[in-house]
Structures are given as structure tokens and as C-alpha cells.
Amino acid sequence: MSLGAHILELRKRLMIAVLALIVGMVVAFFITDPVIRLITLPIQQVAEVKGEQAAVELMFTTVTSAFDLRLRMSFAIGLLLSAPIWLWQIWAFVMPGLTRKEVRYTVGFVASAVPLFFAGAYVGLLIMPHIVELMSTFVPEGAASFFDATYYYDFVFKLLIVVGISFVLPVFLVALNIAGVMSGRAILKGWRVAVLVATIFAALATPAADVVSMLMLAGILVVLFFAAAGLSLLFDHRRSRRDAALLPPGASG
Numbered sequence: 646m647s648l649g650a651h652i653l654e655l656r657k658r659l660m661i662a663v664l665a666l667i668v669g670m671v672v673a674f675f676i677t678d679p680v681i682r683l684i685t686l687p688i689q690q691v692a693e694v695k696g697e698q699a700a701v702e703l704m705f706t707t708v709t710s711a712f713d714l715r716l717r718m719s720f721a722i723g724l725l726l727s728a729p730i731w732l733w734q735i736w737a738f739v740m741p742g743l744t745r746k747e748v749r750y751t752v753g754f755v756a757s758a759v760p761l762f763f764a765g766a767y768v769g770l771l772i773m774p775h776i777v778e779l780m781s782t783f784v785p786e787g788a789a790s791f792f793d794a795t796y797y798y799d800f801v802f803k804l805l806i807v808v809g810i811s812f813v814l815p816v817f818l819v820a821l822n823i824a825g826v827m828s829g830r831a832i833l834k835g836w837r838v839a840v841l842v843a844t845i846f847a848a849l850a851t852p853a854a855d856v857v858s859m860l861m862l863a864g865i866l867v868v869l870f871f872a873a874a875g876l877s878l879l880f881d882h883r884r885s886r887r888d889a890a891l892l893p894p895g896a897s898g
């Protein structure tokens with residue numbers, strides 16, 4: 646294809662992706678209520694524990710803040726709802742320029758990274774109520790807790806993204822191994838640092854008093870790291886055997 650044809654193809658793919666995102670946002674706008682109820686459930690639980698329903702509430706500080714919040718949520722949810730379409734448009738544009746091996750690796754990367762990300766986001770959703778509950782214990786006696794809606798949404802959204810990405814990091818290690826940047830042995834050699842980082846991250850992401858949640862999150866991250874190291878060692882072994890088979894008879898490695 647000529648440069649002009651590539652530009653026309655890119656414009657077509659982008660228009661389809663943007664249209665899918667807009668449709669996803671419209672659909673998402675009408676389901677923001679159950680999502681808001683889900684993420685504010687910890688606030689309601691804290692209010693019930695305090696025994697004063699008005700003591701812990703979600704607060705909208707401006708006239709348009711409630712509408713602005715729904716728009717932001719619609720964009721994030723719409724991005725997820727339309728992901729199959731815009732991901733396919735990206736893939737359809739890039740795939741003709743990839744070799745068969747690159748296509749196979751890309752499909753494997755996406756097929757493993759997407760479920761891991763959503764699994765991590767789900768774990769973050771389980772951890773979030775404990776964090777809200779812990780932070781509420783620092784409110785002085787007789788004081789009230791009012792959570793700014795925008796700030797609270799940003800806190801939940803960033804928590805889910807960070808935990809989700811942490812679950813995908815082992816896939817990036819395998820990708821670096823496939824690209825020849827890091828060997829499986831080099832990845833495995835850093836297991837002490839990986840365990841320390843996983844433990845610190847879990848300790849920061851979970852309440853200090855909730856040791857079970859901390860150990861569960863740290864354990865999942867450590868298992869994912871060793872799984873990535875094991876896969877990398879397997880790929881290195883297969884690569885070395887393939888290289889040895891290509892050597893002429895009598896040649897040394």
C-alpha cells in the first residue's frame with residue numbers, strides 16, 4: 646500500500662474506533678448508578694459501623710460535579726465496553742505488517758495480559774473496602790467524614806489500574822525474554838527483589854491490620870513472577886536447542 650492508502654486506512658480505523666467509544670460511553674452513562682453503588686459500598690459499611698448514616702457520605706462540591714463524575718465514569722466504562730472493537734481496529738491495521746511469528750507472540754501476549762489485568766482489578770476491588778475502613782478509623786471522635794466524589798472516584802480508579810497493571814508485569818518480563826532483552830536466568834536471579842517489591846506493594850495496598858489480604862496479594866504477585874521466570878527459562882531452553890540444531894555437524898557452540 647502507498648503512504649496515502651495507509652493514511653486513509655488509518656483514518657477509517659480511527660473513525661470506527663471513536664464511533665465505538667462514543668456508543669460505549671452512551672451505554673455506560675445509563676449504568677453509572679449501579680457502578681456508583683458498587684464503589685460507594687465501603688462508605689455505606691463505614692456509616693453503618695459508626696451508627697450514624699449521615700456521618701459518612703459522598704459529597705458533590707459544585708453544581709455540575711455529579712454530571713462531570715458520570716461523564717468521567719462513562720468514558721472509562723465505555724472504553725472497556727468498546728475495547729473489543731477498537732482493539733480489533735488496531736490489530737487489523739498493524740497485522741498486515743507483522744510476520745507470522747510476531748502475530749503469534751502478539752496474540753499470546755494480549756490473550757494473557759487482558760485476563761490478568763481484569764483479575765488484578767478485581768483483587769483491587771476486594772481490597773478497596775478494607776482501605777476505606779482503615780482510613781475511617783483515623784477520623785476523630787465526634788467528627789464527620791465527607792468524601793469528595795471526584796477525589797473518591799479517582800482513588801478507586803487509580804487503585805484498580807495500579808493493581809491490574811501489577812498483575813500484567815510478569816507478562817512484560819516474558820515479552821522481554823522473547824525479545825532477547827533478558828534471559829530467564831537473569832529474571833530468576835532477581836527473585837529476592839521481586840519478593841521484596843511484591844511484599845512492600847501488598848503492604849501499601851492493604852491495611853496494616855489485614856495481614857491475610859496482604860499475604861494473599863503478595864503471594865499472587867510472587868507466584869506470577871515465578872511463573873514468568875519459569876516460562877522464560879523454558880523459552881531459553883527451546884531457543885538453545887533450536888540454535889544447536891542449526892549448527893553444522895562437528896561445530897561447537
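Numbering of the sequence shown is given in this note's numbering, commencing with residue 646 and proceeding in unit increments.
C-beta: ideal position from N, C-alpha, C; glycine also.
Of the other Cβ atoms in all chains shown, fewer than 16 fall within 10 Å of the Cβ of S885; this residue is therefore exposed. Between F783 and L869, the C-beta gap is not smaller than 8 Å, which leaves the two residues out of contact. Taking 8 Å as the cut-off, the Cβ atoms of I684 and I730 do not count as close. One Cα belongs to L716, the other to V748, and the distance between them is close to 36 Å. Around the beta-carbon of A756, fewer than 16 other beta-carbon atoms lie within 10 Å, marking it exposed. Cβ contact annotation for I832 (same chain, cutoff 7 Å, sequence separation greater than five): L818, N822, A873, A874, S877, in chain order.
The continuous alpha helix (DSSP H) containing S719 extends over residues 710-726.
Its chain contains I823 as the residues whose beta carbon lies nearer than 7 Å to that of Y750, once the 5 sequence neighbours on both sides are disregarded; these appear in chain order. Taking each of M718, R887, F675 in turn and checking the Cα distance to Y797, the smallest one comes out for M718.
By alpha-carbon distance to P687, the top candidate from D881, V801, H882, W736 is V801. Burial state of P815 is buried, judged by a 10 Å Cβ sphere holding 16 or more other Cβ atoms. In this structure, DSSP gives E786 a state outside helix and strand, which the three-state scheme calls coil. DSSP places F705 outside both helix and strand once states are collapsed to three, so it counts as coil. For I676, there is no enclosing alpha helix (DSSP H), since its DSSP letter is neither H nor E. Looking from the CA of L725, the closest CA among V739, F754, P760, F738 belongs to P760. Here I776 is buried: its Cβ has 16 or more other Cβ atoms, across all protein chains shown, within 10 Å. One Cα belongs to L849, the other to S781, and the distance between them is close to 16 Å.
Taken in chain order, the complete beta strand (DSSP E) segments of 3 or more residues contained in the region 796-877 number zero; there are none. In this structure, L655 and G723 do not form a Cβ contact; the two beta carbons are roughly 22 Å apart against a cut-off of 8 Å. Note on L841: under 16 other CB atoms within 10 angstroms of its CB, so exposed under the neighbour-count rule. It is roughly 13 Å from the alpha-carbon of M670 to the alpha-carbon of L714.
Per DSSP, the beta-bridge partners of F792 are L703.
Under the criterion of beta carbons closer than 8 Å, I772 and S858 qualify as touching, at roughly 6 Å.
Taking the Cα positions, A847 is about 26 Å away from A794. When the five nearest sequence neighbours on each side are left out, the beta carbons in the same chain lying within less than 7 Å of the beta carbon of G769 are those of L804, L805, V808, G809, in order along the chain.
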